[in-house]
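The sequence shown begins at 15 in the numbering used here and counts up by one.
The beta-carbon is built from N, C-alpha and C at its ideal position, and this holds for glycine as well.
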Amino acid sequence: SGSRRGDGEVRPVLEEYRYDHVAQTRPYAVSDVMADLLNVAAMTLVMGGRLTYVIPSMLDFNEEEDLPRHDCLKVVSVCYQPLQTELGRRTVTMEKVKEYDDRKRDEYLEGTWVN
């Protein structure tokens, strides 16, 4: 494992320090976490491979507007589990349907959120 620098580059931890390494934490907005998650999945999954994740959501959650997107992934299923009156979580499964193009990285990241 490594640490995320401000420029997005991952700095590896040397093997001799891994036994007791505690990674530094920095603010990492949830929107950026989700954009990075989908982008890494699009880069690394084989065609037809699937990513499943859980996202917290309110009862008025709109799947068309509130789910993060990626051009290389399509939503296969979304399952809602209520936890409280207005709050719940959704299990989202996405499938890789298009090959990743490194030249479009910025475009992919900018298009993660509809709203």
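Indicate whether residue i and residue j have their beta-carbon atoms separated by less than 8 Å.
i	j	result
THR126	LEU59	no
VAL90	MET108	yes
THR105	VAL68	yes
LEU123	ALA37	no
Enumerate in chain order the residues of its own chain whose CB-to-CB distance from residue i is below 7 Å, with the five nearest sequence positions on each side excluded.
i	result
MET72	GLU100, LEU101
Bridge partners of residue i, per DSSP?
i	result
LEU87	HIS84, LYS110
LEU101	MET72
VAL64	In the sequence on display, residue 64 carries Arg and not Val. Answer is GLU109, bridged to ARG64.
TYR94	ARG104
Assuming the contact rule is C-beta atoms closer than 8 Å, residue i and residue j should be a hit. Round their C-beta distance to whole Å, please.
i	j	result
VAL128	ARG83	7 Å
LYS110	LEU87	6 Å
Considering only residues of the same chain and omitting the five flanking positions on each side of residue i, which have a CB-CB separation below 6 Å?
i	result
ALA55	LEU65
In chain order, what residues of the same chain lie with their CB nearer than 8 Å to the CB of residue i, ignoring the 5 residues before and after it?
i	result
TYR94	SER71, PHE75, GLY102, ARG103, ARG104
Using CA atoms only, rank isn't needed, just tell me which of the options is closest to residue i.
i	options	result
ASP120	GLU77, ASP46, TYR42	ASP46
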